[in-house]
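Working notes for the structure below.
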Amino acid sequence: MKLPIADPATARRYAGGLLRTHRAPLVLIAALHTLAAVAGLAGPWLLGRLVDAVVDGTTAGYVDRLIALGAVCVLAQTVLIRFAQRASMVFGERVFADLREEFIETVTSLPLSTVERAGTGDLVARTTNDVNRLQHAVRFGVPRVIVAVVQITLVVVAALLLSPLVAVAMFVGVPTMLLAVRWYLKRATPGYQRESAAYATVNGTITESVEGARTVDALRLGPRRLARVRADLHEAFLAEKYTLGLRCVLFPAIDLTFVLGPVAVLLWGGYLAANGHVTYGVVTTIVMYAYQVTGPVWELIFWVDEIQVAAVSLARIVGVRLVETDREAGDGEPRDERIEARSLRYAYREGHDVLHGIDLDLAPGERLAVVGPSGAGKSTLGRMLAGVHPPTGGTVTVGDVPLVELPLEELRGHVALVTQEHHVFVGSVADNLRLADEDADEDHLRRALEAVDAWDWVAALPEGLATEVGSGGAPLTPAQAQQIALARLVLLDPHTLVLDEATSLLDPRAARHLERSLSAVLEGRTVVAIAHRLHTAHDADRVAVVDAGRITEIGPHDELVAAGGDYAALWHSWQHE
Ligand code: ADP
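Residue 219 in the UniProt record's numbering sits at position 219 of the sequence shown, and the numbers go up by one each step.
As structure tokens, then:
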């Protein structure tokens, strides 16, 4: 199951909405470019006046004045374009920033189960490739298209106002151009898609060969890998040749139509002027306009192509917004801090239940160890108890309110899942901690770090709490990173914690130190510890044995050992190891 892709109408609506939120700068840009384009129209017009004046006989003073006026217009146009360009670029950046922020917000609030089902690869491709492809079009394309449209409109209107009779000749090349562009655009998108797919394959094949170099050597796969690379390169060559072929038709066709316009104006206008219908000056001006319009038309064609490609990426990006949430926040207030599971079921894939109806009551403040063979469903149970996934059957409640009906921020104040994955985000130590509590002051942060025995090393960092960590920042050991994660928990202050083998990956020395930090965090909270090491189970108030998606035994350690069931057998075998 892939993530959804938005249909063209939805993507267009989204793009329209995005532009509408920036209406004010959009109007400013259009106004500035209009003024600049008007100043640009003055040059050819003055030249036309000059031609007419010379034909009729004039003074050197008049010629000087026209030339001075032309110089002023060029200067004005330069200054206007400077500000217009700047405004357009700022606009492009703003729109793109909005898009990116919104996308990140969508991605970070995606239901985990959906992401897991669709595979993270698809999501990563959308956050990287598609965002990159879109970036160029939004940052540069959108502003340039606005400019091109304004310029083309103004030049055409000016020419028509001056003399519609002459100006019609400007459009001689338009039918050929439209045909060529249509022909090209129809083939361009699949052509370029094939090209990027071909390069992606080449990249993949080469990366695989390099990463698996030992295997390739050991199995003497060299020649076969080489043949694969050659075949992939050949496909890339063919794809590239195809698009080059497309450009080889488009470019000359467009260039031809660009020559056609001015030539037609010259001939038709010349004929009209010779018969006294218009002045030579008007013809001069319109010929120049016919040339002037070619630049923006080219730009428009170029960007239409790029924007078509970007639209495909936009549809994929907007598609992520269409993922339905897996929970709907209600307004129930938990009565107390009791967590209860009733007939809890969960299936990662429909029809394949991993949990088969689990009932479990956690007494506030108790420690429950969950043990059982690998694949029994312990982690899945842990995720249910922490409200990470909505159950596919039954409920998990806190104080009689289903976990999945609590707003996410509130949920995390009740119960949190602690796993081995702890990520240090780029930013200061304080930023990393404030993810748990935005408003925490330095005193709070210090107390949280003290609680997990981490204040000493944080204080010893070059800039203390303000030290940059994460990739590129001060390096942290895995144990330190875990302590930061634990300090976040102190700040979140949930009454219940689900530990999924939180410390088992670390080396024993660090683990012992961390265990002290951890027990400080666990103090006074309800704890569900998913354990592979039985000694943690021994310390718990109760032990639950999970097997094949069911709780087969539950009770205090001593009782279970005395009862002589599965747990007793496990315990004895561990004792004799
Ligand atoms: P344990 O923690 O006891 O080792 P898990 O809860 O991780 O067990 O897994 C229980 C069952 O669910 C296993 O059969 C496992 O293959 C399956 N499972 C776990 N995670 C996923 C997932 N993301 N997608 C599909 N199946 C999963």
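Ideal Cβ placement from N, Cα and C applies to all residues, glycine included. These numbers were taken from a predicted model, which means no experiment stands behind them.
Identity of the residue in the options nearest residue i by Cα
i: residue 151; options: 460, 397, 300, 161; result: 300
i: residue 583; options: 471, 455, 418; result: Here the chain comprises residues numbered 1 to 577, so residue 583 is not present and cannot be evaluated.
i: residue 314; options: 102, 430, 57, 524; result: 102
i: residue 304; options: 93, 143, 38; result: 143
i: residue 342; options: 85, 401, 372; result: 401
i: residue 146; options: 85, 128, 200; result: 85
i: residue 265; options: 550, 553, 170; result: 170
i: residue 244; options: 418, 277, 194, 575; result: 194
i: residue 82; options: 60, 54, 110, 36; result: 36
i: residue 263; options: 275, 286, 514; result: 286
i: residue 580; options: 197, 198, 229, 199; result: Lying before the first or after the last residue shown, residue 580 is absent from the chain, which here runs from 1 to 577.
i: residue 408; options: 213, 269, 109, 464; result: 109
i: residue 91; options: 43, 60, 22; result: 22
i: residue 481; options: 463, 420, 451, 526; result: 420
i: residue 383; options: 202, 528, 564; result: 528
i: residue 337; options: 359, 364, 329; result: 364
i: residue 328; options: 310, 387, 270, 306; result: 387
i: residue 381; options: 548, 469, 335, 189; result: 548
i: residue 355; options: 392, 334, 374; result: 392
i: residue 550; options: 25, 54, 375, 295; result: 375
Residue burial classification, residue i (beta-carbon count within 10 angstroms, cutoff 16)
i: residue 352; result: exposed
i: residue 119; result: exposed
i: residue 557; result: buried
i: residue 567; result: buried
i: residue 62; result: exposed
i: residue 378; result: buried
i: residue 389; result: buried
i: residue 598; result: As displayed, the chain neither begins before 1 nor continues past 577, which places residue 598 out of reach and without an answer.
i: residue 33; result: buried
i: residue 96; result: buried
i: residue 498; result: buried
i: residue 432; result: buried
i: residue 361; result: exposed
i: residue 232; result: buried
i: residue 237; result: exposed
i: residue 282; result: buried
i: residue 575; result: exposed
i: residue 325; result: exposed
i: residue 126; result: buried
i: residue 124; result: exposed
i: residue 267; result: exposed
Simplified DSSP assignment, three categories, for residue i
i: residue 469; result: strand
i: residue 345; result: strand
i: residue 422; result: coil
i: residue 475; result: coil
i: residue 388; result: coil
i: residue 152; result: helix
i: residue 340; result: strand
i: residue 379; result: helix
i: residue 541; result: coil
i: residue 30; result: helix
i: residue 553; result: strand
i: residue 335; result: coil
i: residue 86; result: helix
i: residue 367; result: strand
i: residue 109; result: coil
i: residue 373; result: coil
i: residue 530; result: strand
i: residue 357; result: strand
i: residue 246; result: helix
i: residue 395; result: strand
i: residue 570; result: helix
i: residue 176; result: helix
i: residue 565; result: coil
i: residue 500; result: strand
Self-check item: Cβ contact check for the region 340 to 348 and the region 314 to 324: 3 or more pairs under 8 Å
Solution: no
Quiz item: With contact counted as at least three CB pairs below 8 Å, one residue from each stretch, are the region 431 to 449 and the region 383 to 401 in contact?
Solution: no
Quiz item: Between the region 235 to 251 and the region 182 to 199, do three or more beta carbon pairs fall short of 8 Å?
Solution: yes
Exercise. Under 5 Å from any heavy atom of ligand 1, by CB: list those residues in chain order, please.
Key: 116, 348, 354, 374, 375, 376, 377, 378, 379, 380
Self-check item: Any 3 or more C-beta pairs closer than 8 Å across the region 253 to 264 and the region 160 to 175
Solution: yes
Quiz item: Three or more beta-carbon pairs under 8 Å between the region 71 to 78 and the region 105 to 122, yes or no?
Solution: no
Quiz item: Does the region 7 to 23 come close enough to the region 40 to 60 to have 3 or more Cβ pairs within less than 8 Å?
Solution: no
Exercise. Could you tell me whether the region 162 to 169 touches the region 276 to 292, using the rule of 3 or more Cβ pairs below 8 Å?
Key: yes
Quiz prompt | At least 3 beta-carbon pairs within less than 8 Å: the region 404 to 418 vs the region 490 to 497 | solution = yes
Exercise. Check whether the region 540 to 554 touches the region 363 to 376, counting contact only when three or more Cβ pairs, one atom from each stretch, lie closer than 8 Å.
Key: yes
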